[in-house]
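Under the UniProt record's numbering, the sequence shown has 518 at position 518, and the numbering climbs by one with no breaks.
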Amino acid sequence: MAHPQEQQPPRKPKRREQLEVYCLGNLKKYLQETTLHGLKYLVDNSLNGWEKLFFLAAFVICCITVIHLISNIYAKWESTPVIIGISPHPTPILKIPLPALTLCNMNQAMYSKVANYTKGSREYAALQYLCHSDIFNDPQTQNLEEFKNNSLELAEFIIAHSQPCSRMLVACQLSSVDVNCSELFREVVTDEGLCCAFNTLHPRFLYKGKSVERSITDNYRTLNDLIHGPDLVPIDWNPETGYPTKLPPKYYPRPTYGTGISLGVSVMLNADVDEYYCSSSSGAGFKVNLGSPVDRPLISEGGVAVPLGSETRFRIDAQLTESSPAIRSINRRRRRCVFLDEQQLVFYRYYTKTHCENECLSAFLIEHCGCIPYYLPVIYDNATFCNISRLFCIEKAKLTQNPAGRCMSRCHTPCVDLTFMPDAFSSPLAMHNYTIQSEILTNLPKEEVQRNIAVIHFYYRESVINAELKNVYIGFTEFLSNTGGILGLFMGFSFISIAEIVYFSLLRPIFKFVVPEKDRNSAVITQVRAAPKHRHQQIIKALKDEEDDDEEEPEQADTYNNSSNNNNNKNYRNALGKQLSSAAAVAASHHHHHPHQQLDSWLHEYLNTCVTTANIAVAAAVLALTFIKVACE
């Protein structure tokens, strides 16, 4: 007799299979509830496949368009991180100093002092270098005795044989007041030779530590040259911080007092043409350089020539560059400027592009030749100035390896800077009719004045400066608004969308699989007991609806899993329903006796749920903002 085949119990689904079923259901739930436009149609059972495909294609096209537009915004921000505009607040020229002036006679050596040097002597070799002779371009020259073992220091030779400022400066005026020229100018050694400098920072503010004593580029003839007058106090100044709050009655760098020639600086210069041995250019005259008091430029490359027998007016326009603090967050290589506290130099106290280039050039020449020219900064304690015998290496390195070009590309401009743009106008001098009167000129014939004398005026043209302001082209706020507008227009995206993604991808699975099931059941029963009477049936109905949804999910899994899941879910729902019914009855009777207490309890639970959800959304928004900001930087 055949025994009926015993029915095998349904196989318990594996953990992976349960996870796959849950993920599909969770994804469907997300697509139904998300605020992103168009996704809910993908799981709408009332639409056929072609209609769903249409909305899927529309969503994909919107995503591609959004990526393209946002990439354009990022490319524009990457290529132009800083934009230069006009500052809304004009700066009065009373808040800035007069420009630093450097006046140089083109004569490299006084004839009366070098006439006795014969060819083949050490001094004659130094003169060949100062007169820019092509002899240093000839490799055979370095084998000559006067060049091979010549240890003559050029800086000392220049100071001893050049025209001093006391002979070059005939008369000076400051704001139409006659002033002793020795109180305005001091002697400095530059690449153009011995020059006279006005309104530059005191060396202790310009250089670092022992560099002041070691710097031959600021070799003063007497100690009085450091004082600049008995009552004149040197102060510290830079373009970023400006003048100190408390100022002495007389100080330098000197400020300006207004516009026009009457409130500027006027000087009368004597070239002493009869003492010309050789010129740094093709004729006689002077070279003038205007710059910031903190800057020490190279005169031979940027000096403006002033002819003799003429009255020249330098009408100056100051250009102030300011920078918003917001650009500090941008990399220096991208914004292409440097704040004073961001890069420290070895020799100079304040960063300027010229100072950076000079130190870079010094480091290059020390590496290749073991010494530096007399006009460059001493960046190492053991560095030495080049004597005549080492100048061949210097000239060869400059010609073959172009160190100046390399240094220019490595050094950026300051983010806050003060520069001067002069317009020069010259007219011939008329006999005995000068703006600056001098007893010396009254005894000179007209021809002598036209051969040796030059009058120069320096003055500001405008009373205010419209500064240039460097600011971020696209900041974090602008980037957020631009991208947010595009995302909202095409996709309906917002920070709530991020919170939804975090919830459905992270929090909901945690509540499902990590939180113990008995805690969830007790929480539901507690909510039913604490709820008012009319909420009982709503909660039970919601559980039944969830049961109906669970009956639809097994369609996506295997057949043998469906029966097991359905049976387990039904048994669980029936048991839970009985508990809920009894809990509802108890809660109803309890609610009948204590309505206000039960209402307060339900409100408390509801508010706690709202607060928790809000905290999650805020945390997700903060994380998203932080991620976007880091990505932008």
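Glycine included, every Cβ here is placed at the ideal spot set by N, Cα and C.
Could you give the uninterrupted runs of the beta strand (DSSP E) lying entirely in the region 414-486, keeping only those of 3 residues or more?
417-428, 453-460 and 468-472
Could you compute how far the alpha carbon of Gly49 sits from the alpha carbon of Leu56?
10 Å
At 4 residues or longer, and completely inside the region 153-198: list those alpha helix (DSSP H) runs for me, N to C.
154-161, 165-168 and 181-184
Look up Ile394 in the DSSP assignment and say whether it is helix, strand or coil.
helix
Have a look at Leu320, Gly475, Thr352 and Ile474 and flag the residue whose alpha-carbon is nearest the alpha-carbon of Leu206.
Thr352
In DSSP terms, what Cys407 is bridged to:
In DSSP, Cys407 forms no bridge with anything.
Pop quiz: Pro99 and Asn199 are said to be a contact at Cβ under 8 Å. What is the actual Cβ separation, rounded to whole angstroms?
7 Å
Could you spell out where the beta strand (DSSP E) holding Val502 opens and where it closes?
Segment Phe495 to Val502 is the alpha helix (DSSP H) holding Val502; no beta strand (DSSP E) there.
CA-to-CA distance, Glu240 to Cys610, given in whole angstroms:
Note on Cys610: pLDDT 48, under 50, position unreliable in the model; no value is reported.
The region 70-85 contacting the region 444-459, beta-carbon criterion three pairs below 8 Å
no
Own chain, CB closer than 8 Å to Arg336, minus 5 neighbours either side, in chain order:
Val82, His412 and Thr413
What does the alpha-carbon distance come out to for the pair Gly309 and Leu429?
6 Å
Do you know how far the Cα of Ile73 is from the Cα of Ile394?
48 Å
Do Gly492 and Thr65 have their C-beta atoms within less than 8 Å of each other?
no
Looking at C-alpha atoms only, which residue of Ala171, Cys196, Leu152 and Leu154 is the closest neighbour of Gln163?
Cys196
What does DSSP give as the partner residue(s) for Val233 in the beta ladder?
Tyr251
Are Ala125 and Ile388 close, meaning C-beta to C-beta below 8 Å?
yes
With respect to the beta strand (DSSP E) encompassing Gly85, which residues constitute its N-terminal and C-terminal limits?
Val82 to Ile86
Kindly give me the distance between the Cβ atoms of Arg406 and His355, rounded to whole angstroms, as I take these residues to be in contact under 8 Å.
Rounded, the Cβ-Cβ distance is 16 Å, inconsistent with contact.
Between the alpha carbons of Gly85 and Lys470, how many angstroms are there, rounded?
6 Å
By Cβ distance, which residues of its chain are closer than 8 Å to Lys76, with the 5 residues on each side in sequence left out?
Tyr473 and Ile474
Beta-carbon proximity of Leu320 to Leu169, cut-off 8 Å:
no
Would Glu357 and Met408 be called neighbours here (beta carbons separated by less than 8 Å)?
yes
Return yes when the Cβ of Thr312 is within less than 8 Å of the Cβ of Ser182, no when it is not.
no
Determine the DSSP secondary structure at Val378, reduced to helix, strand or coil.
coil
For Ser176, which of Ser497, Gly264 and Ala115 has the nearest alpha-carbon?
Gly264
Through-space distance from Tyr276 to His161, alpha-carbon basis
11 Å
C-alpha gap between Tyr117 and Lys246, whole angstroms:
54 Å
Pull up the CB-CB distance for Thr256 and Ile93, whole angstroms please, since I reckon it's below 8 Å.
5 Å
For Asp274, three-class secondary structure by DSSP:
helix
Quick one, are the C-beta atoms of Val189 and Ile159 less than 8 Å apart?
yes
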